[in-house]
Ligand SMILES: [Zn+2]
Ligand SMILES: [Zn+2]
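Residue numbers (the working numbering): 442 to 801.
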């Protein structure tokens, strides 16, 4: 339950890590009251992203404890501010990585708020009012409506939640490379996990020939039969890799473990593009020869803008695309984080926030 305290903040129940042990426990904290530009959201589901693990364990040295993680949020609107247009009480909505941006720079004006230099994230950020942002491992959220999207009626709220981070993270670079404008291209997805599995679905929906590039031969059957990939290339088999040289137009690399980009670049045709969305914590090995000899491009991509996020959800609604999920209760968040760290999930954990077993 939420209630307004005398200092005009809402008291909210959630789940937080309190130090770099990363153990999540029930935690009651304060949120701002619903402002003129805000909507309040009763959270139904929140996906568990790898970024959550990095934050709860302070892997990047930037965590402000206690941290309430979660940026793959779906829920229902319970309150609407006076300036808000396009949302009403009861609407099915989603919130991803972004909580605020400057609204004035070229990126904010060009529907690429995700590249605004003053971006504030959904958790572990500092909002304009000076408050620390707390994420979706909680019963409710107050969000600026400019960073809230509608979830199409045809999508289930649990399996749609990871689209708010994993989905848009792979959709945005595919649109940027114009994969939605023509069919029949040959595309490669490196890594078959939370990001990779939904990238395959987008690639198929756009009408392309999809190859999965993986170190795990055991994933081939699943990739081909369940997810519909046309080809499966084992990246640790030099013979296979050689036989697929210069065959792909576009590759999306979702792997966050350290690896060399050289052998992957060799799979691209001349002029092909490799986009990195996985974030290894050490510099990646990028040999110059495969770049120069194939006039190839390597670039990165970080989530997506709000307009694009809405377009992605609409596309998912039309093509019936959701994430493959395993739902967990709020009592099992720690176990899910441990299993995710070992990649022991097909393919995303989603916390059933509203159906929780125990009250924090
Ligand atoms: Zn994420
Ligand atoms: Zn901006």
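We treat Cβ as the ideally placed atom computed from N, Cα and C, and that holds for glycine. Small disclaimer: the values here were computed from a predicted structure and weren't measured.
#1: Does DSSP put residue 510 in a helix, a strand or coil?
#2: Excluding sequence positions up to five away, which residues of its chain have a Cβ less than 6 Å from the Cβ of residue 656?
#3: Based on Cα-Cα distance, which residue from 573, 615, 681 lies nearest to residue 705?
#4: Taking 9 Å as the threshold (C-beta atoms), are residue 785 and residue 638 in contact?
#5: What I want to know is whether the C-beta of residue 513 ends up closer than 8 Å to one or more non-hydrogen atoms of ligand 1.
#6: Is residue 803 close to ligand 1? I mean its beta-carbon at under 8 Å from any heavy atom of the ligand.
#7: For residue 559 and chain B, any beta-carbon pair shorter than 9 Å?
#8: Residue 639 by DSSP, collapsed to three states: which one?
#9: What do you reckon, is the C-beta of residue 492 under 8 Å from a heavy atom of ligand 1?
#10: Sorry if obvious, but does the Cβ on residue 487 come closer than 8 Å to a heavy atom of ligand 1?
#11: Sorted by chain position, which residues of the same chain lie with C-beta nearer than 6 Å to residue 702's C-beta, five sequence neighbours on each side aside?
#12: Within the chosen definition, does the stretch 541-548 reach the stretch 516-528 through at least 3 CB pairs nearer than 8 Å?
#13: Starting from residue 732, trace the alpha helix (DSSP H) in both directions and tell me its first and last residue.
#14: When you measure from the CB of residue 610 to every non-hydrogen atom of ligand 1, does any distance come out below 8 Å?
#15: Quick one: any contact between the stretch 583-590 and the stretch 531-543, if contact means 3 or more CB pairs under 8 Å?
#16: By DSSP, does residue 593 sit in helix, in strand, or in coil?
#17: Helix, strand or coil: how does DSSP classify residue 747 here?
#18: I'd like the list of long-range same chain contacts for residue 561, defined as Cβ closer than 8 Å, with 5 residues on each side in sequence excluded.
#19: Look at residue 768 and residue 493 and say whether their C-beta atoms are less than 9 Å apart.
#20: Could you tell me which of 719, 671, 707 sits nearest to residue 694, measuring between CA atoms?
#21: Starting from residue 487, follow the alpha helix (DSSP H) in both directions and report where the run begins and ends.
#22: Take residue 603 and list the residues in its own chain whose beta-carbon comes closer than 7 Å to its own, dropping the five residues that flank it on each side.
#23: The alpha helix (DSSP H) with residue 780 in it runs from where to where?
#24: When we look at the beta-carbon of residue 730 and count the other beta-carbons within 10 Å, is it buried (16 or more) or exposed?
#25: Counting C-beta neighbours from all protein chains within 10 Å, is the total for residue 687 16 or more, i.e. buried, or is it exposed?
#26: Can you round the beta-carbon distance between residue 748 and residue 552 to whole angstroms, since I take them to be within the 8 Å contact cut?
In short, the structure shows the following:
#1: Position 69 of the chain shown, counted from the start, is the residue given in the question as residue 510. In this structure, residue 510 counts as coil in the three-state DSSP scheme.
#2: The residue given as residue 656 occupies position 215 in the chain shown. Cβ within range, chain order: 676, 677.
#3: In the chain shown, counting from the first residue as 1, residue 705 sits at position 264. For the residues 573, 615, 681, the minimum Cα distance to residue 705 belongs to 681.
#4: Sequence index remark: in the chain shown, residue 638 carries index 197 (1-based). Sequence index remark: in the chain shown, residue 785 carries index 344 (1-based). For residue 638 and residue 785, no; Cβs fall outside 9 Å.
#5: Locating residue 513 in the chain shown gives position 72, counting from the first residue. Residue 513 Cβ: within cutoff of ligand 1.
#6: Not covered by the structure: residue 803. The range shown for the chain is 442 to 801.
#7: The structure shown has no chain B; it contains just one protein chain.
#8: The count along the chain shown starts at 1 and reaches residue 639 at position 198. Helix.
#9: For the purposes of this step, residue 492 is identified with residue 51 of the chain shown, where counting begins at 1. Correct: residue 492 has its Cβ closer than 8 Å to ligand 1.
#10: In the chain shown, residue 487 corresponds to position 46, counting from 1. Residue 487: no, Cβ never under 8 Å from ligand 1.
#11: In the chain shown, the residue the question calls residue 702 occupies position 261. Once the five neighbours on either side are set aside, the close Cβ partners of residue 702 are 725, 727.
#12: no
#13: Position 291 of the chain shown, counted from the first residue, corresponds to residue 732. 729-734 is the extent of the alpha helix (DSSP H) around residue 732.
#14: Residue numbering aside, residue 610 sits at position 169 when the chain shown is read from its first letter. At least one heavy atom of ligand 1 is nearer than 8 Å to the Cβ of residue 610, so yes.
#15: yes
#16: By 1-based counting over the chain shown, the position of residue 593 is 152. In the structure shown, residue 593 sits in coil (DSSP, three-state: anything other than H, G, I, E or B).
#17: Here residue 747 refers to the residue found at position 306 when the chain shown is read from its first residue. DSSP places residue 747 in helix when its eight states are reduced to three.
#18: Counted from its first residue, the chain shown places residue 561 at position 120. Cβ within range, chain order: 539, 540, 541, 542, 567, 568, 569, 574.
#19: Residue 768 sits at position 327 when you count from the first residue of the chain shown. Residue 493 sits at position 52 when you count from the first residue of the chain shown. Cβ atoms of residue 768 and residue 493: not closer than 9 Å.
#20: The sequence position of residue 694 within the chain shown is 253, counting from 1. If we check each option's Cα against that of residue 694, 719 comes out closest.
#21: For the purposes of this step, residue 487 is taken as residue 46 along the chain shown, with counting starting at 1. Here residue 487 belongs to no alpha helix (DSSP H); instead the beta strand (DSSP E) covers 479-489.
#22: The sequence position of residue 603 within the chain shown is 162, counting from 1. Hits under 7 Å: 488, 513, 635, 764, 766, 789, 791.
#23: What you label residue 780 is simply residue 339 of the chain shown in a count that begins at 1. First-last of the alpha helix (DSSP H) with residue 780: 774-782.
#24: For the purposes of this step, residue 730 is taken as residue 289 along the chain shown, with counting starting at 1. That one is exposed.
#25: The residue you call residue 687 lines up with position 246 of the chain shown. Answer is exposed; the Cβ neighbour count stays below 16.
#26: Here residue 748 is taken as the residue at index 307 of the chain shown, counted from 1. Here residue 552 is taken as the residue at index 111 of the chain shown, counted from 1. Indeed they touch by this definition, with Cβ atoms about 4 Å apart.
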